[in-house]
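Per the working numbering, the sequence shown starts with residue 1, numbered consecutively.
All remarks here apply to the structure that follows.
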Amino acid sequence: MIIRGISLIVFAVAVLVVWPLLPAGGEQAEKPLPEGVMGLTAEQWREKLSSLEYKVLWKKGTEAPFSGDLLYNKKKGTYVTAGCGQPVFSSEHKYDSKTGWPSFWRPISEDAVRIVPDNSFGLRRYEVVSSKCGEHLGHVFKDGPPPTGLRYCINSVALDFIPSG
């Protein structure tokens with residue numbers, strides 16, 4: 001019993017010491033920004049995007065749950081990437097997954113996104129990136145609704161919304 005208590009204390013101290021050393025905002029391992037995406041350098045992307053957009057799109061960051069502007073958006077329209085403006089999701093495929101991030105059961109078209117294996121943090125996940133520019137959008141999980149059974153869990157800050165009509 002004493003050893004278990006000591007182990008928990010050691011674990012808690014280790015977490016408190018190591019956590020500040022991890023990249024902020026749920027960032028994963030450094031992703032080198034491809035130079036010349038849409039003719040922009042990494043520095044030009046930093047100037048074009050907000051710091052959070054840049055962190056999520058190009059450094060594989062994650063916004064805090066329930067913080068995104070598009071989470072509760074119920075308007076009809078198209079979701080495009082915040083960087084390249086590529087159409088990636090439709091309001092027709094959006095649903096409330098109660099996870100804190102906008103969720104979709106499919107992309108707007110088969111070629112709108114690419115799915116990339118992601119083994120960061122010792123987890124086996126699948127990253128969703130835009131097919132045009134390679135922007136990190138979020139992850140896809142196999143716990144979504146019919147008909148696909150997929151949940152595209154997407155950072156709100158990675159998207160812009162264009163209303164229909």
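Just so you know, even glycine gets a beta-carbon here, dropped at the ideal spot from N, CA and C.
Just so we're clear, the structure is a prediction, and the values are computed from it rather than from any experiment.
(request) For Y54, write down the residues that DSSP places opposite it in a beta bridge. (result) Bridge partners of Y54: none, in fact.
(message) If the criterion is Cβ atoms closer than 8 Å, does the pair I162 and P102 meet it?
(response) no
(request) Any chance you could list the beta strand (DSSP E) runs of at least 3 consecutive residues sitting entirely within the region 67–126, in chain order? (result) 77–81, 87–90, 113–118
(message) Just to check my reading of the structure: W45 and G83 have Cβ atoms closer than 8 Å, yes? What is that Cβ distance to the nearest angstrom?
(response) 7 Å
(message) I need the boundaries of the alpha helix (DSSP H) containing A42, first residue and last residue.
(response) 42–48
(message) Going by DSSP, what residue range makes up the beta strand (DSSP E) through G134?
(response) No beta strand (DSSP E) holds G134; DSSP gives it neither H nor E.
(request) Mark E43 as exposed unless 16 or more other C-beta atoms lie within 10 angstroms of its C-beta, in which case mark it buried. (result) exposed
(message) By DSSP's criteria, V128 is part of a beta bridge. Which residues make up the other side?
(response) I115, G138
(request) Could you please give me the residues that DSSP links to V157 through a beta bridge? (result) Beta-bridge pairing links V157 to no other residue.
(request) Report, in whole angstroms, the separation of the C-beta atoms of V56 and E63, which I expect to be a contact under 8 Å. (result) 6 Å
(message) For F89 and W105, what's the separation of their Cα atoms in angstroms?
(response) 9 Å
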